[in-house]
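Mind the numbering: the sequence shown is residues 1 to 292 in full-length UniProt numbering, read in order. Working notes, structure below.
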Amino acid sequence: MNLQCIPDLLHYGNNEDEIRAEFDRRCGHFSMIQNHYHASYELYYLFSGERNYFVKDSSYRIRAGDLILIDSNAVHKSTDSGIPDHERIVLYFSPGYFDRFPADERELLRAPFTGGRPLVSLNLQERLRAEELLISLLNELHTRPTGYRLHVQHMAGELLLLVARASRKPEVSTMPEPTPVQRKVSEIVRHINGHFAEPLELDELSRRFFISRSHLSRTFKEVTGFGFAEYVNITRVREAQRLLRETKTSVTRISEQVGFENFSHFGKMFKRLSGVSPREYRNLDRANRENA
C-alpha cells in the first residue's frame, strides 16, 4: 500500500497509551492554533510539502523527508511556510515507553529527543526505510487486522532505532544557517525562558534587543508562531505545572514564583492552557501517582 491509499485523517491511541499516532493530509494553508507542549516525546515526519517549525527557542524550515524530534514538555508549534498542502505523521511516545529497555538502550533511543538538535535530515536510504516503516504502520492502523497493535509497536520501535542511529552521524549535525531575524528572535526567546519570573514587557525587550516594539511583536509571531504574551504565559504555566507536581509550595506562592503579578490572571491562564485549575492539576497528579 502507498500513502495515497491512506485516509486524509488517521489517529491511533489516547493519552493513556505508550504510543499514539496522528496522520493528516492537509490541503491549502494551515497553522497550528493551539498552544502546544506535553509530557510525551514527539516524532514529526513530513511526507510532502514544506513547513515552519518552532521548537524551544529556534525556528526551522522543514521539507519533505525531514524529521523533527521534540523533547518532553518542550514548547513547539508548526506553522504555514507560504506553500500550501502537506502530509505529515506524528508519533508520540510516553515517558514510560522507554522504561522497558535496559539503561544503555533507553539512553540510545531517547537521545535524539534530548540532544538539543530537533531537526534531522535523512539521507535517501534512511528516508526510504523510514517511509517504509511509517506506511506499514499506517496501513495496519487503516485496515486493523488481528494483532495490528503489535505491528504498530514493532514499526515504531524500528523507526526509533533508525532515527537514533541517523542522529548520531556527524553529517546530520549541520543545520541550515538561521537568518538574522531568526537569530534575534531566538535570543529573545532564550531571554524569556531564563527570566520568565521577572516582569516581561514588549517595550523593555525592544530596548534591550535594539528592535522596535512593533517589529518585535510582528517578527516574534512570524518566527515562533506564538504571540509574545501568549508565549510568556505558556512558559510561566509550564513552570507552574512542574512546581505543582514536584513541590508542596502553595498555589498562591507558585503563581508569584513564575511571574504572575495577579493571582486571578494566573488561575485564568492556567485553566485555559491546562484545562483544569492549579489545585485540580495538583490533585490529579497525586491521584495518578498513587494509582501507578
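For every residue, glycine included, the Cβ atom is placed at its ideal position computed from N, Cα and C. Small disclaimer: the values here were computed from a predicted structure and weren't measured.
Which same chain residues, not among the five before or five after T114, have their C-beta less than 7 angstroms away from its C-beta? Working through the sequence shown from its first residue, we reach residue 114 at position 114. Same-chain partners within the cutoff: D71.
Range of the contiguous beta strand (DSSP E) that encloses V120: On the sequence shown, residue 120 is found 120 positions in, with the first residue counted as 1. From DSSP, the beta strand (DSSP E) with V120 extends over 119–121.
State the DSSP-derived secondary structure class of H38, mapped to helix, strand or coil. Taking the first residue of the sequence shown as 1, we reach residue 38 at position 38. In the structure shown, H38 sits in coil (DSSP, three-state: anything other than H, G, I, E or B).
Label A21 either buried or exposed according to how many other C-beta atoms from any shown protein chain fall within 10 Å of its C-beta, with 16 as the threshold for buried. Start at 1 with the first residue of the sequence shown, and residue 21 comes out as number 21. By the neighbour-count rule (16 or more Cβ atoms within 10 Å), A21 is buried.
S264, DSSP secondary structure in three states: Position 264 of the sequence shown, counted from the first residue, corresponds to residue 264. The answer is helix: DSSP assigns S264 an H, G or I state.
Which same chain residues, not among the five before or five after D66, have their C-beta less than 6 angstroms away from its C-beta? The residue labelled residue 66 in the question sits at position 66 within the sequence shown. Once the five neighbours on either side are set aside, the close Cβ partners of D66 are L46, S121.
Please confirm whether S167 and Y92 have their CB atoms less than 8 angstroms apart. Residue mapping note: residue 167 aligns to position 167 of the sequence shown, counting from 1. Residue mapping note: residue 92 aligns to position 92 of the sequence shown, counting from 1. It is not a contact, given that the beta carbons lie outside the stated cut-off.
Starting from the N-terminal side, write out each stretch of the alpha helix (DSSP H) that is 4 residues or longer and does not extend beyond the segment 93–132. 103–114
Using a Cβ-Cβ cutoff of less than 8 angstroms, which residues in the same chain neighbour S173 once the five nearest sequence positions on both sides are dropped? In the sequence shown, the residue the question calls residue 173 occupies position 173. At S173 the pLDDT is 42, less than 50, meaning the model places this residue with poor confidence and gives no usable figure here.
Starting from the Cα of Q257, find the closest Cα among M269, H265, L243 and give me that residue. Here the question's residue 257 lines up with position 257 in the sequence shown. Closest option to Q257, Cα to Cα, is L243.
Per DSSP, cross-strand counterpart(s) of K77: Here residue 77 refers to the residue found at position 77 of the sequence shown. DSSP lists F54 as partners of K77.
Might you give, ordered along the chain, the residues of its own chain that have their beta carbon closer than 6 angstroms to the beta carbon of E261, omitting 5 neighbours on each side? Taking the sequence shown and counting its residues from 1, the one referred to as residue 261 is at position 261. Counting only Cβ-Cβ distances below 6 angstroms, and skipping sequence neighbours, we find nothing.
Nearest CA to the CA of A287: which residue from R245, A64, E201, G267? As a position in the sequence shown, residue 287 is number 287, starting the count at 1. Out of R245, A64, E201, G267, R245 has the C-alpha closest to the C-alpha of A287.
Three-way DSSP call (helix, strand, coil) for T174 in this model: Here residue 174 is taken as the residue at index 174 of the sequence shown, counted from 1. Note that T174 scores a pLDDT of 47, beneath 50, so its modelled location is shaky and nothing firm can be said.
Once DSSP output is grouped into helix, strand and coil, what is the label at D285? Here residue 285 is taken as the residue at index 285 of the sequence shown, counted from 1. Three-state DSSP puts D285 in a helix.
According to DSSP, is D17 helix, strand or coil? Position 17 of the sequence shown holds residue 17. In the structure shown, D17 sits in coil (DSSP, three-state: anything other than H, G, I, E or B).
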